[in-house]
Structures are given as C-alpha cells and as structure tokens.
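In mature numbering (1 follows the signal peptide of the UniProt record, and there is no 0), the protein residues as written are -23 to -1, 1 to 114.
Yeah, the Cβ is synthetic: ideal placement off N, Cα and C, and Gly gets one too.
Shown next, in structure tokens, is the structure this report addresses.
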C-alpha cells in the first residue's frame, strides 16, 4: 500500500513538473522580457563598432551627450516623446548596445526596443557615471 502511494505521488510530481516545463514564461498574458544586461560600460571597447551590425546607443539627453559620450555612439533620448518614432527608423536586425548615465534609462530603452521587435538590444548595467574609457565631445 505504501509503495502504491509513493508511486502515485512520484508520478503526480513528474506530470506536474513536465507540464510546467512546457509553458512559456509570461506575465499577465505577456511574453516575459528578453532583456539582456551586459557588464560595465567600460567593456564597450569590446564592441566591434567597425562591424556595421553593431550600434552603440546613448539614450541620455542631447545635452548630456554633448558633454561627453563613448566614441562611436549615436544619441536617441529615451525620455523624449519621439523615442519610439526614432527607433522605428533603426534596423531591428542589428545589434544594439545601450547605455545612459547610470543604467536606469538604458534598461527602459532596451525594454521598449525589445517590445518593438529588436531581438538584439542589450543594455549596460551601469553607464557614464562609472565609465573610465575614452570620451568624445
């Protein structure tokens, strides 16, 4: 009798786990975010910007960008009402490496871009506030 109960419990557990494995992660019916976070912005030098598929995207304000940015970066302000219109002009097949001052706006921009179909949008966990590399003006 004890072996039967143990067998039923084991079978129930296996069925439960296999049913969970087949479900795609979602939150309130939406597909879970695919956001990928890169290490520090100091690693931006590892991004091969000579490869035209790789784009370094600074999502700070134009004023912040003018004060100094990572060489080769383009600027689209995530807080500007035209952000979504501006990213629609970009090629969603390219690789986007996104940064801001501290990482908060980069995360927001990455999420927005991924919602719009950019599969290769990644943000740096920090930003210009800790960046030690070359700065362009």
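Asked                                                                                      : Found
6 Å Cβ shell around residue 48 - same chain, five flanking residues per side excluded      : 111, 113
Short Cβ contact (8 Å threshold) for residue 84 with residue 100                           : yes
Inter-residue Cα distance where the pair is residue 62 and residue 37                      : 16 Å
One or two residues paired with residue 115 in a DSSP bridge                               : Here the chain comprises residues numbered -23 to 114, so residue 115 is not present and cannot be evaluated.
Boundaries of the alpha helix (DSSP H) in which residue 63 is found, first to last residue : 60 to 64
Secondary structure of residue 31, DSSP reduced to three states                            : strand
Which residues DSSP lists as bridging residue 113, in chain order                          : 46
Whole-angstrom distance between residue 77 and residue 50, CA atom to CA atom              : 11 Å
Helix, strand or coil at residue 115 according to DSSP, with G and I counted as helix      : In the structure as shown, the chain begins at -23 and stops at 114. Residue 115 is therefore absent and cannot be evaluated.
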